[in-house]
Each structure stands twice: as structure tokens, then as C-alpha cells.
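Residue numbers (the working numbering): 512 to 944.
Glycine included, each C-beta is placed from N, C-alpha and C at the ideal position.
Okay, structure first, notes after.
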Ligand code: URA
Ligand code: CA
């Protein structure tokens, strides 16, 4: 097999076979296929697309390029959730204990990563003492006893994807549906999920800015999941404004606690109930979405969701008393109000810019070496559709430095206030099976 012939084949719009795709990915992983040939192939895929069979073969080849996590010692169907990313997305913190409380095993492997806030692990480390440095055996034991544990990323998962994603980043081939879908799915499958629940975001704060693209991506991932024998469902949800109120690490832990108590923001609560219902169904713990939702509401109302969160924190060294007294979480020195400059209705909050504001305060990492300030961030008091009066607080800035002029300007720029009444945006656009 010559790689140049395979590039030509794809360039001409023909279908690559399983053995051809395996050959390419194996050679690439072993360092025998130069970046210039892989770039040319990625560009050919960008223009010619891939068939469903090719997408499944590519995903499988990337899974096989590295280690795979074996969760077979955990009882039950392991359901993983993946969000394509957004601003202030507190859902993972809520969903873990929420679905665990109805018996769905959640074995979460998580990273830190770059972004507007830290990743799930960073957020949880706002709880004094909490840590993810546990052995694999301990991880499995904790999931079996408490239904929930979080461990840091270990092993060399999907090295082919790691290299290809970095290459796509510098060759204008990131926004290709078959390449994105296989990239995301390969990572979930290698991490050991039996079933996968996807939250594909759309809107200005999302990777997929418009609904049509988000739908195509969701459909592609669901079909890959089915093609490799992992039951997969997707929903498409709004990211035209930040989710919930809080954007920051400790601030989002507090928001997750509120939500597990049934006192969280309406949009975050609804999204968690929707995603959670699909997870419960995927884990075969209910026979209909309605029944699944009722189970989730029950564990919020009777306190079991919150109790599961406490047990989970304690099992990994955390001080669970923060759940009853969130004032023990890291707290910023300055809380500065951003007041509305006029009466009217909020018509837009550019999610991306709110993320930038949190980042400027120190809530996220710009490079791998950045140190996160767990206490800082922003809390929104007004969301799209809300009426405001001049002087009302739009946002509270939680900062450890007194001078927040620049952050304040970013927040003002992200808010649009108009005189006519505005509807709140749709939260959940579609469910894809
Ligand atoms: N996220 C991923 O993990 N992979 C992509 O290709 C795009 C977004
Ligand atoms: Ca939030």
C-alpha cells in the first residue's frame, strides 16, 4: 500500500476500506507517515467527506492506536456524558451525583485542560482536601460502592487523535464533521464507556455556531456510536448565552450544590434533567424518559442527590461540610457589581465574552503552565429576556484584585439591552436518537 495512492483515492471522492484506514492510522501513530501526507489526507477528507463505514473505521483505528480503559469490573452499564463545550457549563458537576443517586454508575476520567474556567477536576479541587490521585483499583471500588468517582487522566489514550487534532489545528481542517465526530467518539470509547450521552452545543459560545452544523455533528456521532456497538444519544442545546449564572471554579461548585438541592438556575436544572434522563435510559434504569425524569426529581426532592455528592467528596478526601456551608469554599476578596446603564430588556449576552472576562480574572488556563485562581469568576444576575432597570446589577465580578476596569468593559460589551421585550432563547433544540 502506498499512502500517496490512498490520498489520491480520497481526493477523487472514493471510499477507503477498513484495511486502508487501519494502515494509515497505524503508520501515522508509529511515526512512519509524515505530517505533510496526513495533512493532505485531512484536507481531502474535508472536501470529500467520509461514508458512515469510513467514519466507523477511522474511529476504531484511533481507539486502537493507544491504551483503552477497562471498566469491566464495574457493575452495570457505564454511561459517559460529553459536552462539546461552552461557557459556565456546570452540568458535569451536577449530573454525576444526580444520576449516581438513581443507581447509574459514573466512572469519570477527567482532565484539566485549557479554557475559560478549569475542567471538572479543577472545579472539584475547590473543595478543601478533594483529590483525584487514586489508584485504578480504588477508582473501581469507589464506583462500585458509591456509584461515582473521578480520576485524573492516565495512560496514553488515542495518540493518533492527539497528533491529528494538533495537525488539523494548523492546516484549517478542524471544522470537518467526520474528523470532529471520530475525534470525540474515539476518546469516549477508549475511556471505557458502554453508552454515551452527548450534549452538542449551538450558538455564539459554542464550537458549532449554527443549528444545522450542530445537528449534523450530533447525527454523525450517534451513528458512529451505533456503528461501534455503543448506544449513543445526543441532544442539541443552547450556548448563545452562558449556562446558569456562575462562571468560575468554586462559584460553579456552589451552583452545582444549589442545583442538587433543587434551588439552581432554571436552564441548568432543565438541561441536567434532560441529559440525566437520557443517561438513566441508556443505563437501563428506567423504561421511559418520563419515568427517568421522575426518578431524578425524586432524588433531588428527597436529598439523595446531595447525599451522594457528599459521600463522593468524602471518599476522595474532600471536606463535605462545604455542601451545607458553601461559604467555606474559596472566596474572592472583592465582589464588584456591574450595574445596568439603562432600563430595558436583555437581548443578548455574548457567551464567549463572559468566558473571556472569567479568564481575565484568572479562572481559567491560557497555557498548560497557568495557575488557576479557584475563587474568582462572574455571577450573572440577568439573562436574555430579563427586564432590567438602570442601576440593577447585571453581573457580580468576584476578583482578587481591586482593579477590574478591563473586565467590566468586556462585560458591558457582551450585554445588549433593548427597549422592546425579548423572549428567552430555546434551551433544548432537539434530541437525536
Ligand atoms: N473536540 C475534539 O475533541 N475533537 C475535535 O476534532 C473537535 C473538537
Ligand atoms: Ca454555570
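Paired residues, beta bridge with residue i - DSSP
i: residue 762; result: BP columns for residue 762 are empty, so no partner.
i: residue 898; result: 856
i: residue 619; result: 661
i: residue 943; result: 745
i: residue 590; result: 706
i: residue 719; result: 713
i: residue 928; result: 857
i: residue 668; result: 578
i: residue 677; result: BP columns for residue 677 are empty, so no partner.
i: residue 757; result: 890
Proximity below 7 Å, CB of residue i to CB of residue j
i: residue 895; j: residue 752; result: yes
i: residue 748; j: residue 939; result: yes
i: residue 668; j: residue 607; result: no
i: residue 566; j: residue 746; result: no
i: residue 780; j: residue 846; result: no
i: residue 684; j: residue 547; result: no
i: residue 702; j: residue 732; result: no
i: residue 657; j: residue 761; result: no
i: residue 758; j: residue 869; result: yes
i: residue 654; j: residue 616; result: yes
i: residue 899; j: residue 851; result: yes
i: residue 910; j: residue 872; result: yes
i: residue 601; j: residue 766; result: yes
i: residue 717; j: residue 696; result: no
i: residue 860; j: residue 798; result: no
i: residue 618; j: residue 675; result: no
i: residue 679; j: residue 555; result: no
i: residue 598; j: residue 775; result: no
i: residue 824; j: residue 818; result: no
Check: residue i C-beta below 6 Å from any heavy atom of ligand 4
i: residue 848; result: As far as ligands go, the structure on display features ligand 1 and ligand 2 and does not contain ligand 4.
Where the beta strand (DSSP E) containing residue i begins and where it ends
i: residue 709; result: 706 to 713
i: residue 540; result: Per DSSP, residue 540 belongs to no beta strand (DSSP E); it is in the alpha helix (DSSP H), 529 to 540.
i: residue 735; result: Not the beta strand (DSSP E): residue 735 falls in the alpha helix (DSSP H), residues 722 to 738.
i: residue 521; result: First-last for residue 521: 514 to 522, but that is the alpha helix (DSSP H), not the beta strand (DSSP E).
i: residue 847; result: 845 to 850
i: residue 745; result: 742 to 749
i: residue 908; result: 904 to 910
i: residue 891; result: 888 to 891
Residue i, enclosing alpha helix (DSSP H) - first and last residue
i: residue 631; result: 631 to 635
i: residue 780; result: 777 to 793
i: residue 602; result: 602 to 611
i: residue 796; result: Counting along the chain, residue 796 falls outside any alpha helix (DSSP H), and DSSP gives it neither H nor E.
i: residue 877; result: From DSSP, residue 877 is part of no alpha helix (DSSP H); its letter is neither H nor E.
i: residue 585; result: Unbroken run through residue 585: none, as it is neither H nor E.
i: residue 544; result: Premise fails: residue 544 is in no alpha helix (DSSP H) and is neither H nor E.
DSSP state of residue i mapped onto helix, strand, coil
i: residue 816; result: helix
i: residue 696; result: helix
i: residue 624; result: coil
i: residue 578; result: strand
i: residue 830; result: coil
i: residue 773; result: coil
i: residue 933; result: coil
- Message: Residues around ligand 1, please: the condition is that the C-beta lies closer than 5 Å to some non-hydrogen atom of it.
- Response: Chain-ordered list of matching residues: 691, 694 and 695.
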